[in-house]
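Number 304 in my numbering belongs to position 205 of the sequence shown; there are no gaps in the numbering.
Just so you know, even glycine gets a beta-carbon here, dropped at the ideal spot from N, CA and C.
Read through the structure below, which is laid out as C-alpha cells, and then see the notes.
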Amino acid sequence: MSTPVAVGYDDSEHSERAVAWALDEARLRGLPLLLVTVHLTMGAPPPPAEGETDPSAERKSVQDMLDAAKRRLELTAPDVSIETALISASTSSGGLVSESHKWALLVLGDRGRGGFAGILLGSTTTQVSAHAHCPVIVVRDTDTGDGPNAGRVVIGVDGSVLSQAAVRFGLREARLRRLPVTVLHAWHYPTTTRDGYFVLGVGDREAMENRATAVLSDSLAGIRREYADVEVTRTSLHGNTRQILLEQSRGAQLLVVGSRGHGGFAGLVLGSTSQAMLHHAHAPVAIVHAADEATP
C-alpha cells in the first residue's frame with residue numbers, strides 16, 4: 100500500500116472534521132486514507148471480574164467503530180482507498196507517534212472524547228504534534244470568514260532550518276489546493292536589560308526591515324523555482340510574533356509553522372509560538388518538523 104494520509108478517529112465531532120480534511124488531502128495527493136484509533140492497554144490484563152467489560156470485547160467494539168466509519172466513507176468517497184488501523188498502546192499519543200513514520204501526513208481534531216469543555220486542545224494532539232515523525236495538521240473548529248489572508252495558505256518563517264521545511268510543505272499544499280501563499284515574518288527590536296529588568300530594545304528600523312527581507316528570501320531560496328506556479332506574497336510585519344501570526348491566520352485556509360524556531364530551547368520539542376497557534380489560531384494549523392522537508 101502507498102504511504103497513506105492518516106487521520107486520528109474516535110467518532111467525535113472533532114475527529115469527523117479531521118476526517119473531512121484528511122479525505123480531501125488523500126484525494127489531492129492520490130494516496131490512501133488510513134483511519135487510526137488507539138486502543139489503550141496496560142499490559143496483560145487479568146480476567147474481567149463479574150460486571151466488568153472484557154478487554155477483548157472492548158477492542159472489538161473499537162474495531163467495529165472503525166469498520167463502520169470505513170463503510171460510510173467508501174459509499175461517499177469511492178475514489179479514495181480507505182483503510183483502518185487499530186493501534187494498541189499505553190497512551191494515545193505514544194501509539195500515534197510510534198506509527199507516524201509510516202504516514203505521509205497525520206490529521207487530528209483539536210479535541211477528542213477525552214477533552215473537557217474548558218480545554219481548547221486535547222493533550223494527545225499537543226504531544227503528537229511535538230513528537231510525530233511526519234507533518235501534523237490540526238483541524239480547529241474555526242470560522243473561515245474574512246481576514247487579511249482569506250483563502251490563502253499562510254507560512255510563518257523566522258530564518259531557522261525549520262522555516263525551509265515549513266515553506267516547502269506550505270507551497271506543496273498551496274499547489275495541491277490551487278491557493279495563493281503568504282510567507283510571513285514578524286520582526287521586533289532586540290530585547291535588552293536595564294537595572295536587572297528586560298526592556299524593549301531600539302534600533303535602526305531600516306536595518307531591521309532589510310534583515311526581515313533577507314529572512315524571507317533565505318526561507319524561499321532553493322525552493323521557489325520548484326513551485327514557480329504558486330502565487331507567493333512576502334510580508335514582514337513589526338510586532339509580537341504570536342499576535343501577528345494569530346491575526347494573519349484569520350480567514351486563511353491553512354497556517355503552516357515549524358515545530359520550533361530560533362527562540363526555542365534545546366529540550367523544547369514544540370516551541371511556545373507553535374503551541375500558541377495550536378491553541379488559538381483562526382485556521383487549521385500544520386506543524387512541520389525538520390525531517391519532514393524530505394517528505395514526498
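If you compare alpha carbons, which of the options is closest to residue i?
i	options	result
Cys254	Ala231, Leu172, Val280 and His230	Sequence inspection shows Ile at residue 254; the Cys mentioned does not correspond to that position. Considering only alpha carbons, the answer is Val280.
His388	Ser373, Asp163 and Arg116	Ser373
Pro247	Ala117, Asp178 and Glu346	Glu346
Ala327	Arg277, Leu132, Leu344 and Ile181	Arg277
Cys233	Gly258, Val206, Gly250 and Asp257	Val206
Val256	Ser180, Thr312 and Val235	Thr312
Gln352	Ile186, Ile236 and Leu133	Ile236
His378	Asp166, Pro131 and Arg210	Arg210
Arg402	Thr241, Leu130 and Arg324	Only positions 100 to 395 of the chain appear in the structure, and residue 402 is not among them; the question remains open.
His337	Trp286, Arg304, Arg310 and Asp303	Trp286
His284	Glu124, Asp123, Ala273 and Asn339	Asn339
Leu174	Leu122, Ile186, Ala184 and Ser197	Leu122
How big is the Cα-Cα spacing for residue i and residue j?
i	j	result
Lys169	Glu112	16 Å
Phe364	Ser371	Annotation note: pLDDT 36 at Phe364 (below 50); position unreliable, no value reported.
Val252	Ala229	21 Å
Ser358	Lys159	36 Å
Leu275	Leu127	6 Å
Gly375	Val384	A quick correction: the sequence has Ala, not Gly, at residue 375. Cα to Cα, the separation comes out at about 11 Å.
Phe215	Arg116	Unreliable placement is indicated for Phe215, whose pLDDT of 32 sits below 50; the coordinate value is still reported in the next sentence. Their backbone Cα atoms lie some 18 Å apart in a straight line.
Ile181	Ala382	26 Å
Ala380	Asp245	14 Å
Val106	Tyr288	41 Å
Trp120	Gln342	26 Å
Ala249	Ala306	30 Å
Thr241	Leu344	15 Å
Val356	Gln162	34 Å
Asp109	Asp178	23 Å
For the beta strand (DSSP E) holding residue i, just list the boundary residues, first then last.
i	result
Glu286	Note that residue 286 corresponds to Trp in the displayed sequence, not to Glu. Segment Val280 to Trp286, the beta strand (DSSP E) holding Trp286.
His378	Element bounds for His378: not the beta strand (DSSP E) but the alpha helix (DSSP H), Ser371 to His379.
Val356	Leu353 to Gly357
Val238	Val235 to Val238
Arg276	No beta strand (DSSP E) contains Arg276, which is instead part of the alpha helix (DSSP H) from Val260 to Arg276.
Arg333	Val331 to His337
Ala105	Val104 to Gly107
Glu182	Ile181 to Ala188
Ile322	That residue, Ile322, is in no beta strand (DSSP E); it is neither H nor E in DSSP.
His138	Leu132 to Leu139
What are the start and end residues of the alpha helix (DSSP H) that includes residue i?
i	result
Leu127	Glu112 to Arg128
Gly346	Reading off the sequence shown, one finds Glu at residue 346, where the question assumed Gly. First-last of the alpha helix (DSSP H) with Glu346: Thr340 to Gln347.
Arg304	Arg304 to Leu319
Thr224	Ser222 to His230
Val196	Ser191 to Glu198
Mind checking whether the beta-carbon of residue i lies closer than 7 Å to any heavy atom of the ligand HEM?
i	result
Tyr326	Only the bare structure without any ligand can be found here, which leaves the ligand HEM out of the picture.
Checklist entry - Counting pairs of beta carbons, one from the segment 189-197 and one from the segment 119-139, are three or more of them closer than 8 Å? => result As far as the Cβ criterion goes, the segment 189-197 touches the segment 119-139, which means the pair count is three or higher.
Checklist entry - Is there contact between the segment 258-265 and the segment 315-322, where contact requires at least three CB pairs shorter than 8 Å? => result Yes, since at least three Cβ pairs between the segment 258-265 and the segment 315-322 fall closer than 8 Å, the two stretches touch.
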